[in-house]
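Student:
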Amino acid sequence: WVGRETAAFRLPPSRLALDPADAIRLEHDGRLVDLRLVSIADAEARGIEAVRQDRATYDLPPGDPHAASLTRAVVFGAPDALLMDLPQLTEDLPAHRPLVAAHAVPWPGEMAVFRSPATDGFELLTTFGSRARIGALVSDLYPGPTSRFDLGNTLVVDLLTGTLESVTDLTLFGGANALAIESAPGLWEIVQAGAAELLAPGRYRLTRLLRGQRGTEAAMGNPATAGARVVVLDAALASLPIAEADIGIPWNWRIGPASRPVSDETYFGQAFMPEGIGLRPFSVAHVEQPWRKPCTPGDLTIRWTRRSHALSADSWGGLEVALAEELEAYEVEILDGAVVKRSLTTATTSAVYTAAAQTSDWGTLLGPGDTLTIRIYQLSALVGRGAPKSVTLIF
132 WVGRETAAFR LPPSRLALDP ADAIRLEHDG RLVDLRLVSI ADAEARGIEA
182 VRQDRATYDL PPGDPHAASL TRAVVFGAPD ALLMDLPQLT EDLPAHRPLV
232 AAHAVPWPGE MAVFRSPATD GFELLTTFGS RARIGALVSD LYPGPTSRFD
282 LGNTLVVDLL TGTLESVTDL TLFGGANALA IESAPGLWEI VQAGAAELLA
332 PGRYRLTRLL RGQRGTEAAM GNPATAGARV VVLDAALASL PIAEADIGIP
382 WNWRIGPASR PVSDETYFGQ AFMPEGIGLR PFSVAHVEQP WRKPCTPGDL
432 TIRWTRRSHA LSADSWGGLE VALAEELEAY EVEILDGAVV KRSLTTATTS
482 AVYTAAAQTS DWGTLLGPGD TLTIRIYQLS ALVGRGAPKS VTLIF
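Numbering of the sequence shown is given in our numbering, commencing with residue 132 and proceeding in unit increments.
#1: Quick check on W319: does DSSP put it in helix, strand or coil?
#2: Which residue's Cα is closest to the Cα of R339: A315, F413, R279?
#3: Looking at the structure shown, is P425 part of a helix, part of a strand, or coil, going by DSSP?
#4: Please determine, among H159, V182, V164, the residue with the shortest C-alpha to C-alpha distance to R135.
#5: Go to D153, then tell me how far its beta strand (DSSP E) extends in each direction, as first and last residue.
#6: Would you call the region 232–249 in contact with the region 377–395, where contact means no fewer than 3 C-beta pairs closer than 8 Å?
#7: Find the nearest neighbour of T356 within the set E451, I380, E320, Y273, judged by alpha-carbon distance.
#8: Would you call P139 buried or exposed, if buried means 16 or more other Cβ atoms sit within 10 Å of its Cβ?
#9: With distance defined between alpha-carbon atoms, name the residue in V269, R262, A315 nearest to T292.
#10: Is F373 helix, strand or coil by DSSP?
#11: Tell me the residue span of the alpha helix (DSSP H) that contains S491.
#12: Return the residue from the list V287, S474, V244 that minimises the CA-CA distance to R334.
#13: Would you decide whether K424 is buried or exposed? Buried here means 16 or more other CB atoms lie within 10 Å of its CB.
#14: Between which two residues does the beta strand (DSSP E) harbouring L213 extend?
#15: Between the Cα of G500 and the Cα atoms of T523, G240, V514, which residue gives the shortest distance?
#16: The alpha helix (DSSP H) that contains L301, what's its start and end?
#17: What is the DSSP secondary structure of L291, counted as helix, strand or coil?
#18: Answer with buried or exposed for R228, where buried requires no fewer than 16 other C-beta atoms within 10 angstroms of its C-beta.
#19: Three-state secondary structure (DSSP) at P388?
#20: Along the beta strand (DSSP E) that carries I265, what are the first and last residues, could you check?
#21: State the beta-bridge partners of S511 as determined by DSSP.
#22: To the nearest angstrom, report how far apart F245 and V231 are at their CA atoms.
#23: Could you name the residues of the same chain whose beta carbon sits closer than 8 Å to that of R434, not counting the 5 residues immediately before and after it, in chain order?
#24: Which residues does DSSP pair with E222 in a beta bridge?
#25: Okay, do the region 366–373 and the region 462–476 touch, 3+ Cβ pairs below 8 Å being the bar?
#26: Which residues in the same chain have their Cβ closer than 8 Å to the Cβ of A176, if we skip the five residues on either side of it in sequence?
#27: Please report the straight-line C-alpha distance between P372 and S394, rounded to a whole angstrom.
#28: Tell me the residue span of the beta strand (DSSP E) that contains T285.
#29: By DSSP's criteria, Q119 is part of a beta bridge. Which residues make up the other side?
#30: Could you name the residues of the same chain whose beta carbon sits closer than 6 Å to that of P381, not counting the 5 residues immediately before and after it, in chain order?
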């Protein structure tokens, strides 16, 4: 109805800026009227034709009030996750349980671990909420001495998050600054570092090393190459609550944000079989060499010293380390190159390689100038053979 009201009037040339479709407001009968110009005829005065309009007609309808700030959607990617079968690290963690370490940016707050013996039917095993300090070797790490400080090697690592710092020897002997280095797929050497030097953001040079801790000396790489995974061993690692009966069973695992379903693309998948490394006997030590004492050809008694994987074995107060097994038992393999010529079994820290067995294996008795390569295992009722000790005896 408003558009039916028209107006015609003249304006002076000074109003040349007005064009058709412009909206103006004029006073008429003591009130302001909104008009839209329809046509303009220019002459000595500008002849104007206009139509009345209602400004409110052209206004946008009111909408919802604007938020004070925009909410940013958080997008998660698949975590960098590692499943680790390690020796027992603390008394509060059952020895047979593997560990999981995970890192993600942004951190979702809580990670879930699912498993299945097949490729579907995953069941929730556990959740955890701590981000681990995961990194990689910057340069190769070569083998070094065990049971004393390795002062010749330098360990340079890049960490994705977290820091490292130097510690005193006393603190180091208490288990501080422990790292696991994956020298080969699934094979981890535990190293401790007394001195840590920051080289660049996230990059550390670690020295004053203790190598092959907790019986992992056989896992030293030759070398462990640059790029090998490194995990700082602390409370951020989660223990996977599996049963001892699960050892030796291949499982498929999925790890990802607990807020997402297990089928989500933010989950990391991996096949992993727990081996119960924490239950495996350590290798034996101090295998006695025949040349150290006078002997004559005949029965050969092979002697060694037992080690224990029990954490209590680190005590200096006991007369003998704990057995940590139901029964004490060993196997000794007599080797000819890679071929096992004979296996001996014993329930003590010695085994007798009889003269008759020597003659049967080699055609003669072993004597001065000869060598004999052997391999010794301590046995476990739960996981079978422990870590091997290979040595060449010299007569």
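Positions of the beta carbon are idealized from the N, C-alpha and C atoms, including for glycine. Being a predicted model, the structure only gives us computed values, none of them experimental.
Tutor: Concretely, from the data shown:
#1: Judged by DSSP in its simplified three-state form, W319 adopts strand.
#2: Distance check between R339 and each of A315, F413, R279 places R279 closest, using alpha-carbon atoms only.
#3: In this structure, P425 counts as coil in the three-state DSSP scheme.
#4: When the alpha-carbon of R135 is set against those of H159, V182, V164, the nearest one is in V182.
#5: Note, D153: premise wrong, no beta strand (DSSP E); not H, not E.
#6: Touching, yes.
#7: The option with the nearest alpha carbon to T356 is Y273.
#8: Residue 139 is actually Ala in this sequence, not Pro. Burial call: exposed.
#9: The option with the nearest alpha carbon to T292 is R262.
#10: Correcting the residue identity first, residue 373 is Ile in this sequence and not Phe. Here I373 sits in coil by DSSP.
#11: Start and end: 486–493.
#12: Considering only alpha carbons, the answer is V287.
#13: Label assigned to K424: exposed.
#14: Where L213 is concerned, the enclosing beta strand (DSSP E) stretches over 211–215.
#15: Out of T523, G240, V514, T523 has the C-alpha closest to the C-alpha of G500.
#16: Where L301 is concerned, the enclosing alpha helix (DSSP H) stretches over 300–304.
#17: Residue state, collapsed to three classes: coil.
#18: So R228 counts as buried.
#19: In this structure, DSSP gives P388 an extended state, which the three-state scheme calls strand.
#20: Secondary structure note for I265: its beta strand (DSSP E) is the uninterrupted segment 265–268.
#21: By DSSP's assignment, S511 forms a beta bridge with G515.
#22: In a straight line, the C-alpha of F245 is about 12 Å away from that of V231.
#23: Cβ within range, chain order: V418, E419, T480, S481.
#24: Secondary-structure assignment with DSSP links E222 through no beta bridge to anything.
#25: No, they do not touch.
#26: Correct list, in chain order: R141, L142, P143, P144.
#27: Cα to Cα, P372 sits roughly 22 Å from S394.
#28: Segment: none, T285 is in no beta strand (DSSP E) and carries neither H nor E.
#29: Because the chain here runs from 132 to 526, residue 119 falls outside it and cannot be looked at.
#30: If we look at P381 and ignore the five residues flanking it on each side, its Cβ neighbours are M404.
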